[in-house]
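Just so you know, we're using full-length UniProt numbering here: the sequence shown kicks off at 655 and counts up by one. Glycine included, every Cβ here is placed at the ideal spot set by N, Cα and C. In this text the structure is predicted, and so the values were computed from the model without any measurement. In what follows, a single structure is set out as structure tokens and then discussed.
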Amino acid sequence: RRAEAWEHRFAPGATRDGHRVEVAANLGATADTADAVENGAEGVGLLRTEFLFMAHASAPALDTQVAEYRHAVEALAGRPLVARTLDVGGDKPLPYWPLPAEENPFLGLRGIRLALTQPEVLATQLEALLRAGRGAPLRIMLPMVKDVAEFRAAKALFDALMQRLTPEERATDVELGVMIEVPASALLAPSLATEVDFFSIGTNDLTQYTLAIDRGHPVLSAQADGLHPAVLRLIQMTVDAAHAQGKWVGVCGELASDATAVPVLVGLGVDELSVSARQVPLVKARLREFDLADAKAAAELALGHATASDVRDALEAR
Ligand code: PEP
Ligand code: MG
655 RRAEAWEHRF APGATRDGHR VEVAANLGAT ADTADAVENG AEGVGLLRTE FLFMAHASAP
715 ALDTQVAEYR HAVEALAGRP LVARTLDVGG DKPLPYWPLP AEENPFLGLR GIRLALTQPE
775 VLATQLEALL RAGRGAPLRI MLPMVKDVAE FRAAKALFDA LMQRLTPEER ATDVELGVMI
835 EVPASALLAP SLATEVDFFS IGTNDLTQYT LAIDRGHPVL SAQADGLHPA VLRLIQMTVD
895 AAHAQGKWVG VCGELASDAT AVPVLVGLGV DELSVSARQV PLVKARLREF DLADAKAAAE
955 LALGHATASD VRDALEAR
């Protein structure tokens with residue numbers, strides 16, 4: 655199966671009957687971009703930019719960031735880059751950005767909330783992404799957004815840069831979206847969808863926060879299953895709200911490369927799956943195994959069960 659999947663890795667992601675689902679790669683470093691392309695990735699669906707901030711003793715300067723992001727843009731040769739702005743705090747500490755001691759760091763200053771405490775750092779990163787994205791499709795996404803207020807605060811910085819930089823200096827094919835990884839943002843997807851350009855569902859955190867199970871918990875994390883019907887309902891609400899406004903939706907958490915979950919996500923209407931580079935050929939092969947109608951039936955079946963294990967049993971018995 656692996657050999658067959660590898661052979662067809664450059665075919666566009668699609669179900670057996672030709673329904674398109676883009677398959678992109680999650681990257682933790684821009685140096686891995688060429689490898690992702692070689693694995694058949696149709697773009698980068700999640701660039702975790704923390705690597706760049708962790709590799710320096712202080713927040714990296716504008717030029718350093720431009721050079722890094724440009725490396726990914728060039729290796730992608732016209733394919734889209736979905737870059738996430740800095741997502742530290744919680745499970746991702748940053749030495750030079752002292753965080754208050756918190757009882758519950760996962761419920762504390764992290765993601766966009768933390769970034770907005772130092773807007774100049776966020777603005778520098780946005781500027782670097784915009785400059786590096788010249789001539790290429792650039793999608794910027796904000797982590798851990800819970801409502802439109804956080805989105806608007808970041809968008810104000812983005813809009814100011816779009817005004818200040820000339821179209822020659824920056825990306826022109828650019829979208830600004832949010833990650834859906836907090837239940838509030840899925841519940842409020844209809845209001846977010848009118849303002850954002852796209853959603854990318856981070857099922858790792860969305861599952862953690864929906865089920866109240868620490869994603870790294872030594873005992874409980876096995877129960878943190880993204881196929882839990884509560885999580886699936888939030889995904890359904892997100893996709894429906896986005897499509898009602900003509901916006902696209904990706905999934906960039908672990909669930910996107912789960913062979914049992916792939917038909918469910920496609921059946922719920924997800925437009926893009928972003929997975930680790932080595933999973934790209936396998937996810938494309940998985941898509942070729944079913945038709946869109948099968949996927950819709952799988953989604954309906956999944957939504958009809960009350961626990962994650964019942965969902966898995968029902969899907970695996972099909
Ligand atoms: C997620 O939460 O699903 C996600 C993709 O982001 P990260 O794993 O980097 O928190
Ligand atoms: Mg996350």
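query                                                                                                                                                                : result
Determine the closest residue to Leu919 out of Asp945, Glu829 and Ala807, with distance taken between C-alpha atoms.                                                 : Asp945
For the stretch 706-726 against the stretch 772-785, are there 3 or more C-beta pairs whose distance is under 8 Å?                                                   : yes
Between the stretch 902-910 and the stretch 842-858, are three or more C-beta pairs nearer than 8 Å?                                                                 : yes
Please classify Gln862 as buried or exposed, where buried requires at least 16 other C-beta atoms within 10 Å of its C-beta.                                         : buried
Roughly how many angstroms lie between the CA atoms of residue 973 and Ala840, to the nearest whole one?                                                             : Only positions 655 to 972 of the chain appear in the structure, and residue 973 is not among them; the question remains open.
Is the CB-CB distance between Pro734 and Ala790 below 9 Å?                                                                                                           : yes
Helix, strand or coil: which one does DSSP assign to Glu849?                                                                                                         : coil
Which of the three DSSP states, helix, strand or coil, is assigned to Ile766?                                                                                        : helix
Checking 9 Å against the spacing of the C-beta atoms, do Gly694 and Ala737 come in under that value?                                                                 : no
Using only Cβ atoms and a threshold of 5 Å, which residues come within that distance of a heavy atom of the ligand MG? Order them by chain position.                 : Glu835, Gly856 and Asp859
Spatial neighbours of Asp689 within its chain, please: CB distance less than 6 Å, with the 5 preceding and 5 following residues excluded, ordered by chain position. : Ala931
Assuming contact is defined by CB atoms lying nearer than 9 Å, are Leu792 and Asp827 in contact in what I supplied?                                                  : yes
The beta strand (DSSP E) with Met833 in it runs from where to where?                                                                                                 : Val828 to Ile834
Specify the secondary structure class of Lys746 as computed by DSSP and reduced to three states.                                                                     : strand
What I want to know is whether the C-beta of Met891 ends up closer than 8 Å to one or more non-hydrogen atoms of the ligand PEP.                                     : no
Where does Asn758 fall in DSSP's three states?                                                                                                                       : coil
Can you tell me the Cα-Cα spacing of Arg655 and Phe707, whole angstroms?                                                                                             : 39 Å
Is Val832 close to chain C? Criterion is C-beta to C-beta, closer than 9 Å.                                                                                          : Among the chains of the structure shown, chain C does not appear; only one protein chain is present.
Taking DSSP as the reference, what is the three-state secondary structure of Arg702?                                                                                 : strand
Rank Leu761, Glu722 and Ile766 by C-alpha distance to the C-alpha of Gly787 and give the top, closest one.                                                           : Glu722
Just checking my contact of Met816 with Gly765 at CB under 8 Å: how many whole Å lie between their CB atoms?                                                         : So it is not a contact: roughly 23 Å between Cβ atoms.
Could you tell me the distance, in whole angstroms, from the CA atom of Leu763 to the CA atom of Leu936?                                                             : 36 Å
For the ligand PEP, any of its heavy atoms closer than 8 Å to the Cβ of Gly907?                                                                                      : yes
If I measure Cβ to Cβ from Val675 and keep anything under 8 Å in the same chain, skipping five residues before and after, which residues do I get?                   : Gly667, Ala668, Thr669, Val920, Val924, Asp925, Glu926, Leu927 and Leu941
Under the rule that 16 or more other beta-carbon atoms within 10 Å means buried, what is Arg972, buried or exposed?                                                  : exposed
Enumerated in chain order, which unbroken segments of the alpha helix (DSSP H) with a length of 4 residues or greater are wholly contained in the stretch 782-812?   : none
So, is Ala731 buried or exposed, given that buried needs 16 or more other C-beta atoms within 10 angstroms?                                                          : exposed
In the structure shown, what three-state DSSP assignment does Leu740 receive?                                                                                        : coil
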